[in-house]
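First the structure, in the form of structure tokens, and then the observations on it.
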Amino acid sequence: MADPRFFTRAGPFRLCELAEMAEAELSAGADPDAEISDVAPLDSAERHQVSFLDNRRYLDAFAKSRAGACVAMPEHADRAPDGMALLITDKPYRGYARIATSLYPEAPVVEGRHKSADVDPTAVVGPGTSIGPGVTIGAAAEIGGNCQIGPNAVIGDGVVVGDGTRIGPNVSLSHCIIGRGCQIHAGVCVGNRGFGFAMDPEGFLDVPQLGRVLVEDGVEIGANSTIDRGAGPDTIIGAGCKIDNLVQIGHNVQLGRGCVLVSQSGIAGSTKLEDFVVVAAQAGVTGHLTIGRGAQLAAQSGVMRDVPAGQSVCGSPAMPIREFMRLASSWRRQVKAKDKPNE
Amino acid sequence: MADPRFFTRAGPFRLCELAEMAEAELSAGADPDAEISDVAPLDSAERHQVSFLDNRRYLDAFAKSRAGACVAMPEHADRAPDGMALLITDKPYRGYARIATSLYPEAPVVEGRHKSADVDPTAVVGPGTSIGPGVTIGAAAEIGGNCQIGPNAVIGDGVVVGDGTRIGPNVSLSHCIIGRGCQIHAGVCVGNRGFGFAMDPEGFLDVPQLGRVLVEDGVEIGANSTIDRGAGPDTIIGAGCKIDNLVQIGHNVQLGRGCVLVSQSGIAGSTKLEDFVVVAAQAGVTGHLTIGRGAQLAAQSGVMRDVPAGQSVCGSPAMPIREFMRLASSWRRQVKAKDKPNE
Amino acid sequence: MADPRFFTRAGPFRLCELAEMAEAELSAGADPDAEISDVAPLDSAERHQVSFLDNRRYLDAFAKSRAGACVAMPEHADRAPDGMALLITDKPYRGYARIATSLYPEAPVVEGRHKSADVDPTAVVGPGTSIGPGVTIGAAAEIGGNCQIGPNAVIGDGVVVGDGTRIGPNVSLSHCIIGRGCQIHAGVCVGNRGFGFAMDPEGFLDVPQLGRVLVEDGVEIGANSTIDRGAGPDTIIGAGCKIDNLVQIGHNVQLGRGCVLVSQSGIAGSTKLEDFVVVAAQAGVTGHLTIGRGAQLAAQSGVMRDVPAGQSVCGSPAMPIREFMRLASSWRRQVKAKDKPNE
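Protein chains in written order, with the working numbering: chain A, 158 to 500; chain B, 158 to 500; chain C, 158 to 500.
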């Protein structure tokens, strides 16, 4: 089970309850009243635990597992060992996520304001919100209800945070409007001035950055990521975006809904990602581009041109993935064709 | 106009005042006493607003714009729509920057020390400086006048900060001397021990890092960037350098004046950049190199050798940009020459 | 000498004492009672200072140096200038590190708890530990003896920190067990939820991240690096690992003993590095791989497959370094073979 110093377990739950959570069907012969009290991986699970099978690679582990129950797809049911109850669904990982969330629910937010927090008298804080030690909340800021503001977070003047958003320790927010139900992890910086200056032989001259950062509902921002405010237009993070750790988002960038930005990727100023774009780890997108809906940018790719909707690109400079595969094949031939002069 | 929750507007200003700010000439026929109260982009600006044209791509938007005034180059004057006053200069972006700075001046620093700040009695703080909540200032530190020290910033023993420097929230400074008029954004870490250790089969042995970080006047350091102190020599950031977010600068690195380091780039230990070098996003420079004055390192380039002054390089390993263009062309041919066996 | 605002010098020491520290032999004719009071580089050292020679490139500087003493290898002894005492060892850098550590010992930790620190009454803090201003320590946390907890660090509920570990300012720790004698630099985030969610057309569904981060003894973690907790298994950082600044380590990653991760490198989820792997700057390793003992991943390499023990790889996608050298040669030929149509 998960370390009780960090996680609090609920339950146990009956198999029929798990089936409902997972939107799954209980296999014939399983006892709907049998109790399950924990989750575990296939290879270590025991009778009181539930596991899941989402990937054919683990079919053998499934067949040998001692788990009392398993969330699995219908086509794998016949490989289940004797005595294992199945929770049958087309989406076992999703089903498992629901069960795990029920067994290990997030700790509820406990309303309160730590005595060392510095909340400006003109700031508004909604009911049910927890404000940790050392927090600073600036003038005219508006914090919603049921929010959690972690220790030493700094929330600047005028910032708005929607209901149910959780902000980690040591976060710095300014010049931004944050939606509802967001998760902003430790060390994130949102709203700093964009990297905007006039650059000529006389030296650099800062250009005022007069926009904001708008973070829509349900966005997750990973630890130590940075999002700059717009220069005039706003920087926009669409609803449900998932941003990993150490990601950089420049001024005026617009992310559509449900984009995924994996760790250490970066999006330069004024680029627009349409909905559901995936940017893999350490990839970079240059400024003023449009990346079409559902495009996928491979890890470490360097995107210098617009990418059409649905296209997968790879390489630096980035090209369609099929072309990159051919190029990589060509490279492999060059590596093997040694000592052929001047080819 | 900019969101008044975050920005305070000054003005209005008369056209003749704007012309002086922008070091521009007012076009013939324009009323020098007409008032302008805001900035806006060409396509949304109205009669009371000033815009700018810096790029031929926007000539059409310029010709159709309803802006009351526009900062523009002399050669574009004949495309201006009727009724638009022109502020004519060879450097419109620079002129615009000056006007925008006057219309939206940075909030003045308000002298004061928050009661929750912990300032060592041996530290010296200049007049006009603002010290935010939760700030820590160590023994014998010297903070200049008119500085702003953001909430929860931590300034170590002996650190020096020059007049007029602004330090963001959650910044950590140690073992460093910071110049005047710098901007150090949220989450920056300056002065940590460099990554120096003796490495052999017995294990690693830390080598004391006995240098400092010297940050000269007018430097900007972006959110969550890190600059390590020297091992013996100092790490030096030359006057007027512009450093973006999530940039890494190793021990003993020397940046000349006016270098630009775009986000997620990194400079390894003991490398020297001469004046006005530009390092684009996600580029990396290995240790112990010299990058000549005005050299330009393209995004994601991996620089393994010295770069002569003025040269532009690209690729990993990096090569002169013309060579990289040829290599990229060769790659495109390989991608197209499909199914040719073993070429 | 090192800036006394930041470093406190001990000593002086006699040459015979230095020889013992450095595990070196004093050269014939040197006065074992001569006193040395500082360290300095070969080219600036004077009679009261000790330097070192670890690299043939500096033989000329060695031959001209005015240092009173130098740590050097036996084969270079005959190049020493008259009057220089030698401390002879096969490992001069290691010997120098020991001497420098004695001359500039780390400041001792001064037991105490700042009045502004917020330590939960159920937390346990060992003797000799210093807790800085603005620190938060959560319920049931266990902090060892002789630890230093820097200003504004946030230590979550249940976190364990071993004896003698030093934690920098603005660090955020949660869901983790930290070993003894670790150094965790400013701005580090350990224990945030991994980047785990079920992703399908219905939208994203967070999968609870029920593991921890286990950091073994003697680990160093550089400024603003991030280490996510496991999804079920733990994320493990083996004893003695050296992690530089702005490094990302995903959930379930396992690092063996003594791995070195240079700045801005990233390890994706569930990948295992065996002992003594070196990951150079800006390199990335994709998820679910095994990197064998002692493998070396070059700067900016993009590792998509398992790497056998001892192998060096380079490139994106990464290949054995010899192959990459051939590929780079082939690229150079392509760059030179200009204007050959369609080859």
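Where a beta carbon is used, it is the ideal one built from N, C-alpha and C, also for glycine.
Check whether the Cβ atoms of residue i and residue j lie closer than 7 Å to each other.
| i | j | result |
| --- | --- | --- |
| L244 (chain A) | A181 (chain A) | yes |
| D211 (chain C) | P238 (chain C) | no |
| G315 (chain C) | F433 (chain A) | no |
| M461 (chain B) | P477 (chain B) | no |
| L183 (chain A) | A191 (chain A) | no |
| I312 (chain B) | A298 (chain B) | yes |
| E373 (chain B) | A396 (chain B) | yes |
| T286 (chain C) | D275 (chain C) | no |
| T383 (chain A) | C346 (chain A) | yes |
| A438 (chain A) | G423 (chain C) | yes |
| V148 (chain B) | R483 (chain A) | As shown, chain B starts at 158 and ends at 500. That puts residue 148 (chain B) outside it, with no answer to give. |
| I341 (chain A) | I324 (chain A) | yes |
When you compare only the Cα positions, how much space is there between residue i and residue j?
| i | j | result |
| --- | --- | --- |
| T428 (chain C) | F352 (chain C) | 14 Å |
| Q405 (chain B) | N381 (chain C) | 10 Å |
| G415 (chain C) | C398 (chain C) | 4 Å |
| L403 (chain A) | H205 (chain C) | 46 Å |
| G368 (chain C) | D391 (chain C) | 5 Å |
| N499 (chain A) | R450 (chain C) | Because the pLDDT at N499 (chain A) is just 45, under 50, the model does not fix this residue reliably, and the point stays unresolved. |
| A258 (chain C) | C227 (chain C) | Looking at the sequence itself, residue 258 (chain C) is Thr, so the reference to Ala does not match. Whole-angstrom Cα-Cα distance: 16 Å. |
| A310 (chain C) | I193 (chain B) | 48 Å |
| M178 (chain A) | Y253 (chain A) | 9 Å |
| G472 (chain B) | Q421 (chain C) | 18 Å |
| A185 (chain B) | H408 (chain A) | 36 Å |
| G348 (chain C) | L330 (chain C) | 6 Å |
| T443 (chain C) | A425 (chain C) | 5 Å |
| S201 (chain C) | V266 (chain B) | 43 Å |
| L371 (chain A) | A456 (chain B) | 27 Å |
| L362 (chain B) | D320 (chain C) | 19 Å |
| V436 (chain C) | Q411 (chain C) | 14 Å |
| P189 (chain C) | V207 (chain C) | 14 Å |
| A229 (chain B) | V364 (chain A) | 16 Å |
Given a threshold of 16 other Cβ atoms within 10 Å of its Cβ, counted over all protein chains shown, does residue i qualify as buried or as exposed?
| i | result |
| --- | --- |
| T246 (chain C) | buried |
| H445 (chain B) | exposed |
| S486 (chain A) | exposed |
| H296 (chain B) | One point to set straight first is that residue 296 (chain B) is Ala, not His, in the sequence displayed. By the neighbour-count rule (16 or more Cβ atoms within 10 Å), A296 (chain B) is not buried but exposed. |
| C333 (chain B) | buried |
| C173 (chain C) | exposed |
| D401 (chain C) | buried |
| V281 (chain A) | exposed |
| P465 (chain B) | exposed |
| P308 (chain C) | buried |
| T279 (chain B) | exposed |
| Y440 (chain C) | Sequence inspection shows Ala at residue 440 (chain C); the Tyr mentioned does not correspond to that position. Label assigned to A440 (chain C): buried. |
| R513 (chain C) | It is not possible to answer for residue 513 (chain C), since the shown part of chain C is limited to 158 through 500. |
| R350 (chain B) | buried |
With DSSP collapsed to three states, give me the class of residue i.
| i | result |
| --- | --- |
| P498 (chain C) | Note on P498 (chain C): pLDDT 48, under 50, position unreliable in the model; the coordinate value appears next. Coil, per DSSP. |
| R171 (chain B) | strand |
| G252 (chain B) | helix |
| E177 (chain B) | helix |
| E431 (chain C) | coil |
| T258 (chain C) | helix |
| D401 (chain B) | coil |
| V492 (chain B) | helix |
| D188 (chain A) | coil |
| L199 (chain C) | coil |
| R162 (chain C) | coil |
| S329 (chain C) | strand |
| R386 (chain C) | coil |
Along the chain, which unbroken stretches of the beta strand (DSSP E) at least 3 residues long are found entirely within the region 343–375 of chain B?
-> 346–349, 354–357, 360–363 and 370–372
Can you check the region 405–477 of chain A for any beta strand (DSSP E) of at least 3 residues that lies completely inside it and give the ranges in chain order?
-> 469–471
In the region 204–288 of chain B, which residue ranges form an unbroken alpha helix (DSSP H) of at least 4 residues, counting only runs that do not cross its ends?
-> 216–221 and 249–260
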